[in-house]
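> Here it is: the structure, laid out below.
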């Protein structure tokens, strides 16, 4: 066999091996794509099932009295107004406590801290708080604020939610500030601006959309927490805006009414679950819209 035949045979064998390799790669690609689509379909089906169940079970109990009347004894036609108001008060106070703490901590980690044990410890604690079970936070606040005074309170519930609120803001603020280009800082320093002014008026202004997104996501996270409130604010059947006394909330009302033997209370639990889900969904949609608009404007 001459050299040309040998070269041709080798080239043909190479083409065959290349074709088999390409076929295996296409098969692996199709398999991975199919598995990804199947997993996506399962998640979407589960989400659609949850939303459909909430709509079917919750909408029949949705009425004007739900938003205007407080919870009452079974058969009295009560609503969820006090629980809605209590949730708004406790979530709002948690945001008021957690936002500056998380924001300043994130600014410190991104702009002022140097690599070292203290910084590593702060980041480790923040990550642990981000993944810590909420019931442990509730127990901690119970031992720190409830047990010493001998009674539950809306303030302790707000503190528990604020502890869950802080790590989300810390992580988001630090990540967004690290995305700000170094050239913006250098330009501000070249103009003679001190570091605090560079951070406040250049870095935070450039990262404001991401920081606000993190705050909204933190609100969405804590608004549906039940376990911390069971150990702190407990709940209240009456109207109460006293932060030193037990305060109603939607998650606790849902927890208490869902296992009730009374049909009207069970209906209120489904309606409350629908309201919380709708609120969280609206917040997430607002976050998406805000992010897209600010991204397009930038």
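Numbering (the UniProt record's numbering), first residue to last: 1 to 298.
Even glycine gets a Cβ: it sits at the ideal position worked out from N, Cα and C.
#1: Below 9 Å between beta carbons: does that hold for residue 307 and residue 232?
#2: Which of the three DSSP states is assigned to residue 167 in this structure?
#3: On the three-state DSSP scale, how would you describe residue 30?
#4: Identify, in the order they occur along the chain, each residue of the same chain with its Cβ nearer than 7 Å to the Cβ of residue 74, setting aside the five sequence neighbours on each side.
#5: Among residues of its own chain, excluding the 5 on either side of residue 72, which ones have a beta-carbon nearer than 7 Å to its beta-carbon?
#6: Report the residue ranges of all alpha helix (DSSP H) runs contained in full by the segment 123-150; include only those spanning at least 4 residues, in chain order.
#7: Helix, strand or coil, according to DSSP, for residue 252 in the structure here?
#8: Between the C-alpha atoms of residue 280 and residue 193, what's the straight-line distance to the nearest angstrom?
#9: With a threshold of 16 other CB atoms inside 10 Å of the CB of residue 186, please say whether the residue is buried or exposed.
#10: Please state the DSSP three-state secondary structure of residue 100.
#11: Going by alpha carbons, who is nearest to residue 255 out of 224, 242, 177?
#12: If I measure Cβ to Cβ from residue 109 and keep anything under 6 Å in the same chain, skipping five residues before and after, which residues do I get?
#13: Report back the beta-carbon spacing between residue 287 and residue 204 to the nearest angstrom; my notes put them in contact at under 8 Å.
Working from what's here:
#1: Examination of residue 307 is not possible in this model, given that the chain is present from 1 through 298 alone.
#2: Position 167 of the chain shown holds residue 167. Three-state result, residue 167: helix.
#3: Taking the first residue of the chain shown as 1, we reach residue 30 at position 30. The answer is helix: DSSP assigns residue 30 an H, G or I state.
#4: The residue you call residue 74 lines up with position 74 of the chain shown. Result list for residue 74: 262, 264, 265, in chain order.
#5: Translated into the one-based positions of the chain shown, residue 72 becomes position 72. The answer, listed in chain order, is 78.
#6: 134-141
#7: Locating residue 252 in the chain shown gives position 252, counting from the first residue. Three-state DSSP puts residue 252 in a helix.
#8: Your numbering for residue 280 matches position 280 in the chain shown. Your numbering for residue 193 matches position 193 in the chain shown. Using only the alpha carbons, I get a separation of about 40 Å.
#9: Taking the chain shown and counting its residues from 1, the one referred to as residue 186 is at position 186. It counts as exposed.
#10: Taking the first residue of the chain shown as position 1, residue 100 is located at position 100. Helix at residue 100.
#11: In the chain shown, counting from the first residue as 1, residue 255 sits at position 255. Ranking 224, 242, 177 by Cα distance to residue 255 puts 224 first.
#12: On the chain shown, residue 109 is found 109 positions in, with the first residue counted as 1. Closer than 6 Å at the Cβ level, and outside the excluded window around residue 109, lie 174.
#13: Counting from 1 along the chain shown, the entry for residue 287 is found at position 287. Counting from 1 along the chain shown, the entry for residue 204 is found at position 204. Contact flag wrong, Cβ pair sits at about 18 Å.
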